[in-house]
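Protein chains in written order, with the working numbering: chain A, 9 to 335; chain B, 9 to 335.
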């Protein structure tokens, strides 16, 4: 099943069901008015949504309309929790090497996770609004999941069963503001403005064989100003899978329905796949001994993030954003 | 106005208005079913709630009932954002000195803030459930505010005007799990289980002269197993006030209605006021050259946090929790 949230002027928007080919959609408000309502009562409402999804794909859902990602908010426009991880340790190691640091041994045993802001997500085609483009505006192309309720001390298997939806994320970072956040050791605050998500979130079964071992085995494509700069396979080199990330999170507390868990910047060890952040590309340049020439994003630049299935069809719709200056 | 949320088996509970003396309450569901609903439409709904509050205090609100904090969830049982600060720099300096570290100069210029979990808050009288009491279970007695919508780049004055409600918080910490979180520099994850809040949240005007300069000028009382161990004045030595904390948070992003901002462990430089965490008390023991004898909380121990007005009346009701072992 594919789901999205329509802009309707309200804080939570209106839940819609989107056809597999992303061409049509239908309002689901007679089942669940909002995405959070659906997540809160998933076992009851999800089968009804699935029925409507089947009708929509067969072209027989009443009141269906043309799907336009421009009208979409983030699938979950505000969430009670967003935790983002750094599950590709080769990427973390690259960051450490670029700063002449040794990656702590602990990182191999415990996933890196940070609590992120979740009250003001933006849609896939909404601009990235920043006050200054001297702040090192960067994207991070990621995969994120939305969970159901998970009790404290869950196993990875229990966590996996509660992965409701999968989507793409652009975890925008302001690189020049990160050093001060790092001095404080309290995680990212000013260096992480709002996050955007793909127009559509999909249930794991939509991915077929590409969803395996709690990983998404497909390339994640990132393009800056129309030029493809990264296409690593998100199923490769992922040190901790989504089930493990979530289980780690539950060590000391419950996770409630609608929690978003991201896995961090996707990166392959194999060269030639680029890197899903400009910071990563700059680190690769630096380590290779070449001049660091890749710039951060400036006002007017665009970033597109997309994942295609093995037939070349977009699964989640594209994140496609321009960087804009705040008023 | 004083507000609380009644346990009714739902995720968000039922908004109630509580009399100034905390003796009676009335359901506000014909105005706003939940606290988040009220915060989402504050300008429209708050005057209606105020009218009912006046009636309740005059003993003429229909269907009022006896207020019992046992039946309360956290005032906002789940929130779209919880940011906790460390606004008492003397406390941060104490922590640094206890670890033989120098407090970075940056801390004087920029408030320390961290993004915290907000999907599963617990009520003021609910147990603190932890898997092991070898994890260094500690309380932190805090004041927190709930905000309205605040745009990016807000001034402290703009931020102050959007402080809707004030409450107390127990930011429970697992001290033995903090070192690993600190190695990661990604903020607190496993070391911060769920937070509890006072039964009642109040509008700033309820504090009268005690709310001044975006600070609460009253002692915050913490008792462990019935023994008062801290009573610092929350208006003293607060390096960054609430308006400054919130403004700092908006440097790179909007804040949406219902965001909770805590100010961290309350602490006075003046000796004899104790410290609003066991970790702080242990640090004071260590620095004085005495033996560190204050233990962390064990299963069955209790922690009570309360603030009294100048007539000795409880303003927010008490946080009064026992530590319990997870199943």
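By construction, the Cβ of each residue, glycine as well, lies at the ideal position given by its N, Cα and C atoms. Fair warning: this is a prediction, and the values are worked out from it, not measured in the lab.
On the criterion of 16 or more Cβ atoms from any shown chain inside 10 Å, does residue i qualify as buried, or is it exposed?
i             : result
residue 295/B : exposed
residue 73/A  : exposed
residue 298/A : exposed
residue 319/A : exposed
residue 109/B : exposed
residue 70/B  : exposed
residue 360/A : Because chain A here runs from 9 to 335, residue 360/A falls outside it and cannot be looked at.
residue 203/A : buried
residue 325/B : buried
residue 189/B : buried
residue 221/A : exposed
residue 55/A  : exposed
residue 129/A : buried
residue 78/A  : exposed
residue 29/B  : exposed
residue 21/B  : buried
Going by the DSSP bridge assignment, what does residue i pair with across the sheet?
i             : result
residue 123/A : 91/A
residue 96/A  : According to DSSP, which records beta bridges pairwise, residue 96/A is partnered with nothing at all.
residue 60/B  : Answer is none; residue 60/B lacks a bridge partner.
residue 146/A : 181/A
residue 22/B  : 14/B
residue 131/A : In DSSP, residue 131/A forms no bridge with anything.
residue 161/A : Bridge partners of residue 161/A: none, in fact.
residue 227/A : 241/A
residue 194/A : 194/B
residue 328/A : 312/A
residue 33/B  : 26/B, 73/B
residue 272/B : For residue 272/B, which the question treats as bridged, DSSP gives no partner whatsoever.
residue 153/B : 174/B, 269/B
residue 263/B : 158/B
For residue i, name the three-state secondary structure that DSSP assigns.
i             : result
residue 312/A : strand
residue 175/A : strand
residue 136/A : strand
residue 241/A : strand
residue 235/B : strand
residue 54/B  : helix
residue 167/A : helix
residue 80/A  : strand
residue 318/A : coil
residue 290/B : helix
residue 305/B : strand
residue 216/A : helix
residue 141/B : coil
residue 323/B : coil
residue 251/A : helix
residue 49/B  : coil
residue 106/B : helix
residue 39/B  : coil
residue 199/A : coil
Below 8 Å on the Cβ atoms is my contact criterion, and I expect residue i with residue j to pass it. Report the Cβ-Cβ distance as a whole number of Å.
i             : j             : result
residue 271/B : residue 93/B  : 5 Å
residue 228/B : residue 315/B : 5 Å
residue 286/A : residue 147/A : 7 Å
residue 138/A : residue 201/A : 7 Å
residue 239/A : residue 282/A : 6 Å
residue 80/B  : residue 27/B  : Going by Cβ atoms, the distance from residue 80/B to residue 27/B rounds to 14 Å, so no, they are not a contact pair.
residue 97/B  : residue 115/B : 6 Å
residue 19/A  : residue 86/B  : About 15 Å; that fails the 8 Å criterion.
residue 280/B : residue 154/B : No, residue 280/B and residue 154/B are not in contact; Cβ-Cβ is about 32 Å, not under 8 Å.
residue 125/A : residue 198/B : Actually they do not touch by this definition, with Cβ atoms about 20 Å apart.
Going by beta carbon distance, what residues of the same chain come within less than 7 Å of residue i, once the five residues before and after it are set aside?
i             : result
residue 212/A : 171, 174, 219
residue 143/B : 182, 184, 185
residue 244/B : 276
residue 43/B  : 11, 13, 23, 83, 84
residue 95/A  : 119, 246, 247, 248, 253, 271, 272
For residue i, which residues in the same chain have their Cβ closer than 6 Å to its Cβ, ignoring the five residues on either side in sequence?
i             : result
residue 152/B : 175, 177, 268, 270
residue 330/B : 135, 310
residue 312/B : 231, 326, 328
residue 206/B : 132, 175, 176, 324, 325, 327
residue 305/B : 145, 331
residue 209/B : 11, 83, 173, 175
Among residues of its own chain, excluding the 5 on either side of residue i, which ones have a beta-carbon nearer than 8 Å to its beta-carbon?
i             : result
residue 223/A : 242, 243, 246, 249, 250
residue 160/A : 258, 259, 260, 261, 262
residue 303/B : 286
residue 290/B : 106, 300, 302
residue 58/A  : 9
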